[in-house]
Amino acid sequence: MLIRVDPASDVPIFAQVAASVRADAAAGRLRPGDRLPSAREVASSLEVNLHTVLRAYQELRDEGLVDMRRGRGAVVTDAVEPLAQLHDDVIALAQRARALGLSPDTLASLVKETFR
Amino acid sequence: MTATPDVHTARRRYLVVGVIAPIVITAIAVVLMLVWLPEVPATVATHWSGDGGPDGFAPAWTVPLFTAVLGAGLAAIFAAMVLVPSRDGEWGPTHRLLGAVALGATTLLAVALTWSFGMQRGLDDAHDAPGVLLPLAVGVAAGLLASVAGWFAQPNVVTSGGSGATIQAVEALTLTPGERVVWVRTTTMSAAAMLAITAAIVALAVGTIALAVTGSPAWWAMLATALVLLVLACATFVFRVRVDRAGLTVRSAIGVPRFHIPLGDIADAGVTTVRPTAEFGGWGVRVGLDGRFGIVLHSGEALQVARHDGRVFVVTVDDAATAAALLEALTARRVAPSAG
Numbered sequence: 160m161l162i163r164v165d166p167a168s169d170v171p172i173f174a175q176v177a178a179s180v181r182a183d184a185a186a187g188r189l190r191p192g193d194r195l196p197s198a199r200e201v202a203s204s205l206e207v208n209l210h211t212v213l214r215a216y217q218e219l220r221d222e223g224l225v226d227m228r229r230g231r232g233a234v235v236t237d238a239v240e241p242l243a244q245l246h247d248d249v250i251a252l253a254q255r256a257r258a259l260g261l262s263p264d265t266l267a268s269l270v271k272e273t274f275r
Numbered sequence: 013m014t015a016t017p018d019v020h021t022a023r024r025r026y027l028v029v030g031v032i033a034p035i036v037i038t039a040i041a042v043v044l045m046l047v048w049l050p051e052v053p054a055t056v057a058t059h060w061s062g063d064g065g066p067d068g069f070a071p072a073w074t075v076p077l078f079t080a081v082l083g084a085g086l087a088a089i090f091a092a093m094v095l096v097p098s099r100d101g102e103w104g105p106t107h108r109l110l111g112a113v114a115l116g117a118t119t120l121l122a123v124a125l126t127w128s129f130g131m132q133r134g135l136d137d138a139h140d141a142p143g144v145l146l147p148l149a150v151g152v153a154a155g156l157l158a159s160v161a162g163w164f165a166q167p168n169v170v171t172s173g174g175s176g177a178t179i180q181a182v183e184a185l186t187l188t189p190g191e192r193v194v195w196v197r198t199t200t201m202s203a204a205a206m207l208a209i210t211a212a213i214v215a216l217a218v219g220t221i222a223l224a225v226t227g228s229p230a231w232w233a234m235l236a237t238a239l240v241l242l243v244l245a246c247a248t249f250v251f252r253v254r255v256d257r258a259g260l261t262v263r264s265a266i267g268v269p270r271f272h273i274p275l276g277d278i279a280d281a282g283v284t285t286v287r288p289t290a291e292f293g294g295w296g297v298r299v300g301l302d303g304r305f306g307i308v309l310h311s312g313e314a315l316q317v318a319r320h321d322g323r324v325f326v327v328t329v330d331d332a333a334t335a336a337a338l339l340e341a342l343t344a345r346r347v348a349p350s351a352g
């Protein structure tokens, strides 16, 4: 799995870490039962604080995407399946929005508004 | 992949060198022994101690039987190892080597067994059998010669790996200048390979117990070997592959062995397809006959990294394209930081 963070971005680091995991799940690169790399490993590789990574993992747990188990770390749950199924639709939608000149934020709020 | 005419030729030649020739040699050995059977003692020496005298005996008729089973069995095992996995058209130097080894091993066994059997003709008591050193030495020499002959009797056909031409280049991942990225993935040995390795170790353990029961002093050496193999096997079943600012790190699930290639050593990274038996002669931490160093756990997708000094490192892992793309991006950024 690929985790990318950009310290220059306005988005908090922990949210970027969580978003990377979500994107991996959506792309079908994460399967139920897969283990996320240990928070310590990710923190040292990305040169970020351990608690930042833990906070990201906690957010993913609150969304139900991973299970946190003592001694086993963060394990991906069945909840990634719907994400993976939406993958193609999301890519198509994002491409269409880009072609129309919409910003990612506009698209996100549009989707949120429609979903409500 | 369909087999090319080259591979058909190589397979046919293997059949001659690694199957037919060993069976003919075994048949000659067995016929000679059957002819000599009336002339040897009813019980013959079949094992010799370190100081040269015979210390193991068996009924004479068992020796030709044992030779026949061993010769046919060896040819069958080697053929299964080579001809079954290569059905889909893969061929490499490992197959050629296995053919040569099959011929050499059979020659060694046939010469040593036939000679040590034949030299007991006319003896009243097998305890008077002469030493086995000469038959063994001649057997080894004949086996080596046969192996070399077997190697050159086969064509040099390589259909995958080896040439390095099968690497697919990847486009570097787009990174913003300050962006930090890590790619991590676990890679596990294929179930079939794990089963085969575990079965081999269990067989060795059973052999150890059998030796211990019969009171042979060699059992503790066998036990130590079995334990070492067990640890080595467990250490190579699961690896964690990581790509980050430090470069490429491949670490066993139990911590060792661990392999690391710093970003600065990496010339380029790409994706390749690995056929474990054809290119590396099996599974685990291996050196391919073409010199590539590999963590080969299953067939299929693999990350291949070439260093500046020409050495090549391969690790079989899914999603290798992402890993290669990230390595390319990180290496490029390191070389030209301003270009981002």
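Here the protein sequences line up with chains A and B, keeping their order.
The opening residue of the first sequence carries number 160 in my numbering; numbering runs sequentially from there.
The opening residue of the second sequence carries number 13 in my numbering; numbering runs sequentially from there.
Just so you know, even glycine gets a beta-carbon here, dropped at the ideal spot from N, CA and C.
Next item on the list: Give a yes or no on whether the minimum CB-CB distance between valine 201 of chain A and chain B is below 8 Å.
Entry: Numbered from its first residue, the first sequence carries residue 201 of chain A at position 42. By this cut-off, valine 201 of chain A is an interface position.
Next item on the list: For threonine 343 of chain B, go through chain A and note every residue whose CB falls closer than 7 Å to its CB, in chain order.
Entry: For this step, residue 343 of chain B is matched to residue 331 along the second sequence. Here the premise fails: no neighbours, minimum Cβ distance about 16 Å.
Note to self: Taking CB distances under 8 Å as the criterion, tell me whether aspartate 247 of chain A reaches chain B.
What the structure shows: The count along the first sequence starts at 1 and reaches residue 247 of chain A at position 88. Not one chain B Cβ lies under 8 Å of aspartate 247 of chain A.
Notebook entry, point to check: Are there 16 or more other CB atoms within 10 angstroms of the CB of arginine 23 of chain B, so buried, or fewer, so exposed?
Noted result: Stepping through the second sequence from its first residue, residue 23 of chain B is reached at position 11. Buried, because 16 or more other Cβ atoms sit within 10 Å of the Cβ of arginine 23 of chain B.
Notebook entry, point to check: So with Cβ pairs under 8 Å, would you call leucine 269 of chain A a contact of chain C?
Noted result: Note that chain C does not occur in the displayed structure, where the protein chains are A and B.
Note to self: Below 8 Å on the Cβ atoms is my contact criterion, and I expect leucine 187 of chain B with arginine 346 of chain B to pass it. Report the Cβ-Cβ distance as a whole number of Å.
What the structure shows: Counting from 1 along the second sequence, the entry for residue 187 of chain B is found at position 175. Counting from 1 along the second sequence, the entry for residue 346 of chain B is found at position 334. Not confirmed; about 11 Å, so no contact.
Margin query: Any beta carbon from chain B within less than 8 Å of threonine 265 of chain A's own beta carbon?
Written below: Taking the first sequence and counting its residues from 1, the one referred to as residue 265 of chain A is at position 106. For threonine 265 of chain A, the answer is no, since every Cβ of chain B falls outside 8 Å of its Cβ.
Checklist line | Cβ-Cβ separation, valine 240 of chain B to leucine 284 of chain B (assumed contact under 8 Å), whole Å | finding: Here the question's residue 284 of chain B lines up with position 272 in the second sequence. Here the question's residue 240 of chain B lines up with position 228 in the second sequence. As written in the sequence, residue 284 of chain B is threonine, which differs from the leucine given in the question. Incorrect: roughly 31 Å between the Cβ atoms, too far for contact.
Next item on the list: Take proline 142 of chain B as the anchor and find which of B:Leu156, B:Gly155, B:Trp127, B:Ala153 has the nearest alpha-carbon.
Entry: Position 130 of the second sequence, counting from 1, holds the residue named residue 142 of chain B. Among B:Leu156, B:Gly155, B:Trp127, B:Ala153, the Cα nearest to that of proline 142 of chain B is on B:Trp127.
Check: What residue range is occupied by the uninterrupted alpha helix (DSSP H) comprising tryptophan 295 of chain B?
Finding: For the purposes of this step, residue 295 of chain B is taken as the residue at position 283 of the second sequence. Neither: tryptophan 295 of chain B is in no alpha helix (DSSP H) and is coded neither H nor E.
Notebook entry, point to check: Comparing the C-beta of arginine 323 of chain B with each C-beta of chain A, is any distance below 8 Å?
Noted result: As a first step, residue 323 of chain B must be located in the second sequence, where it is residue number 311. No, arginine 323 of chain B does not count as interfacial toward chain A.
Next item on the list: Would you kindly work out how many angstroms separate the C-alpha atoms of arginine 192 of chain B and alanine 88 of chain B, rounded to a whole number?
Entry: On the second sequence, residue 192 of chain B is found 180 positions in, with the first residue counted as 1. On the second sequence, residue 88 of chain B is found 76 positions in, with the first residue counted as 1. Near 54 Å, if we compare the C-alpha coordinates of alanine 88 of chain B and arginine 192 of chain B.
Margin query: Beta-carbon within less than 8 Å of glycine 173 of chain B's beta-carbon, same chain only, minus the 5 sequence neighbours each way: which residues are those?
Written below: For the purposes of this step, residue 173 of chain B is identified with residue 161 of the second sequence, where counting begins at 1. Per-residue confidence for glycine 173 of chain B stands at a pLDDT of 45, beneath the threshold of 50, marking its modelled position as unreliable; no derived number is given.
Next item on the list: Go through its chain and collect everything with a Cβ distance to valine 255 of chain B's Cβ below 6 Å, but skip five positions before and after it.
Entry: Position 243 of the second sequence, counted from the start, is the residue given in the question as residue 255 of chain B. Within the same chain, valine 255 of chain B has close Cβ partners Trp195, Ala335, Leu338, Leu339.
Item checked: Under the three-state DSSP convention, the category glutamine 217 of chain A falls into -> Indexing the first sequence from 1 puts residue 217 of chain A at position 58. Residue state, collapsed to three classes: helix.
Margin query: Strictly below 9 Å CB to CB, what residues from chain A border threonine 334 of chain B?
Written below: Taking the second sequence and counting its residues from 1, the one referred to as residue 334 of chain B is at position 322. Under the 9 Å cutoff, chain A gives Met160, Leu161, Arg188.
Item checked: Extent of the continuous alpha helix (DSSP H) run through glutamine 244 of chain A -> Locating residue 244 of chain A in the first sequence gives position 85, counting from the first residue. From DSSP, the alpha helix (DSSP H) with glutamine 244 of chain A extends over 239 to 258.
Notebook entry, point to check: Which residue from A:Arg163, A:Val170, A:Ala186 puts its Cα closest to that of aspartate 248 of chain A?
Noted result: Position 89 of the first sequence, counted from the start, is the residue given in the question as residue 248 of chain A. For the residues A:Arg163, A:Val170, A:Ala186, the minimum Cα distance to aspartate 248 of chain A belongs to A:Ala186.
Next item on the list: Return helix, strand or coil for histidine 107 of chain B, following the three-state DSSP convention.
Entry: Looking up residue 107 of chain B in the second sequence gives position 95. Looking at histidine 107 of chain B - three-state DSSP - the assignment turns out to be helix.
Check: Looking at C-alpha atoms only, which residue of B:Thr106, B:Gly155, B:His107, B:Asp137 is the closest neighbour of alanine 122 of chain B?
Finding: Here residue 122 of chain B corresponds to residue number 110 of the second sequence, with the count starting at 1. Selected option, being the one with the closest Cα: B:Gly155.
Next item on the list: Give the straight-line distance between the Cα atoms of methionine 227 of chain A and lysine 271 of chain A, rounded to the nearest whole angstrom.
Entry: The residue you call residue 227 of chain A lines up with position 68 of the first sequence. The residue you call residue 271 of chain A lines up with position 112 of the first sequence. The alpha-carbon atoms of methionine 227 of chain A and lysine 271 of chain A are separated by roughly 28 Å.
Check: At a cut of 8 Å, does the segment 273 to 282 of chain B reach the segment 213 to 227 of chain B through at least three beta carbon pairs?
Finding: no
Margin query: Which of the three DSSP states is assigned to glutamine 316 of chain B in this structure?
Written below: Numbered from its first residue, the second sequence carries residue 316 of chain B at position 304. Reduced to three states, the DSSP call for glutamine 316 of chain B is strand.
Notebook entry, point to check: Can you list, in chain order, the residues of the segment 255 to 280 of chain B whose Cβ is nearer than 8 Å to any Cβ on chain A?
Noted result: Asp256, Arg257, Ala258
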